[in-house]
Structures are given as structure tokens and as C-alpha cells.
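J.: This note's numbering numbers the first residue of the sequence shown as 938 and each following residue consecutively. Note that beta-carbon positions come from the ideal geometry of N, C-alpha and C, so glycine has one too. Take this structure, written in C-alpha cells, and hold onto it; I'll ask about it next.
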Amino acid sequence: LFFSFQPIFAARSKYETIQTTLIYPSFFFFFPYSKDARLPVQLQRAMAAEAEAAREARAKVIAAEGEQKASRALREASKVIAESSSALQLRYLQTLNSISAEKNSTIIFPLPIDFLSHFLNRGNGNSKEVHSEKKDD
């Protein structure tokens, strides 16, 4: 059984009107009236738990909406980068610029494997030529 306090809080003015209507005449007849506004501890805990659950639910909804907006922005960015190779190069340079602003002592430059293999093959070719020249001497 799930009970929500929200309808009670929403109808507070209606209850206050009824209370005023019933209590106001008692002053004319000198009936003592005392208002005990304290709620039982268990009810206070239940209300606090419900309020906390509602806050957490709203926070999750807000976080989900933010994730959704971020994923849409990333999708648009990937389309722009796919259409233009220069956009990817500019983004790469912006990333390097932001890394250098953080005062790091080491910056690692990721290079494409094709680029590295070109230098590795070149180095292997030279070393073979050097070894063959030494054998001829």
C-alpha cells in the first residue's frame, strides 16, 4: 500500500478553512481550544523519506535530460568531424592547447600507426643497407 502526503499538502488551504469555520464559534462560547501541531516521530520520518525520494527522483530526471542533451551534441559533433578532416585536426590542436595550459610536465602525442610504420620501415631499410655495406668491405 502506497500513501502519498502530496494530496494533503495540496489541500492545506481547504483544511484551514474548515478548521477556522469550526474553531471560530468556540471562542464565543468560551470553549478552550489548543492546537497541537506536533506530528508523531514516525510520521515525520515517513514524510522526510518521501520528500527525499521525490528529490532524488527529480535529480535523476535532470541528470538523464543532461545526458540526453550531451549525447545529441556529441552526435552532431561527430557528423561535423566526419564531414571535414580539418575539423578533427583543429579539435586535436585544441586538446593539446588545453593540456599545455594545465602545466603538466609530460605530454604524450598520439600518432597514427600508419605514420609510425612509415618511420619503422624506413629505419629497417637503412639498417639492412648499412649491414650489407659492412659485409662488402
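Cα separation between ALA1019 and LEU1011?
T.: For the purposes of this step, residue 1019 is taken as residue 82 along the sequence shown, with counting starting at 1. For the purposes of this step, residue 1011 is taken as residue 74 along the sequence shown, with counting starting at 1. Taking the straight line joining both Cα atoms gives about 12 Å.
J.: Just verifying my parser: in three-state terms, what is the DSSP assignment at ALA996?
T.: Residue numbering aside, residue 996 sits at position 59 when the sequence shown is read from its first letter. Helix at ALA996.
J.: In this structure, does DSSP put THR1043 in helix, strand or coil?
T.: As a working mapping, residue 1043 is identified with position 106 in the sequence shown. In this structure, THR1043 counts as coil in the three-state DSSP scheme.
J.: May I ask which residues mark the beginning and end of the alpha helix (DSSP H) holding ARG1028?
T.: Walking along the sequence shown from the start, residue 1028 turns up at place 91. Residues 1022 to 1038.
J.: State the Cα-Cα distance for the pair SER950 and ALA1007, rounded to the nearest angstrom.
T.: Residue 950 sits at position 13 when you count from the first residue of the sequence shown. Residue 1007 sits at position 70 when you count from the first residue of the sequence shown. Distance between the alpha carbons of SER950 and ALA1007: 42 Å.
J.: Ordered along the chain, which non-local residues of its own chain (more than five positions away) have a Cβ less than 8 Å from that of ARG1009?
T.: Indexing the sequence shown from 1 puts residue 1009 at position 72. If we look at ARG1009 and ignore the five residues flanking it on each side, it has no Cβ neighbours.
J.: Once DSSP output is grouped into helix, strand and coil, what is the label at LEU1048?
T.: To locate residue 1048, count along the sequence shown from 1; it is residue 111. If DSSP states are grouped into helix, strand and coil, LEU1048 belongs with coil.
J.: Have a look at ALA948, ARG1028, PRO944 and flag the residue whose alpha-carbon is nearest the alpha-carbon of ALA1014.
T.: Your numbering for residue 1014 matches position 77 in the sequence shown. Closest option to ALA1014, Cα to Cα, is ARG1028.
J.: If the criterion is Cβ atoms closer than 8 Å, does the pair ILE1044 and SER1037 meet it?
T.: Mapped onto the sequence shown, residue 1044 falls at position 107. Mapped onto the sequence shown, residue 1037 falls at position 100. Yes, the pair counts as a contact, with Cβ atoms nearer than the cut-off.
J.: Determine the DSSP secondary structure at ARG949, reduced to helix, strand or coil.
T.: By 1-based counting over the sequence shown, the position of residue 949 is 12. Looking at ARG949 - three-state DSSP - the assignment turns out to be helix.
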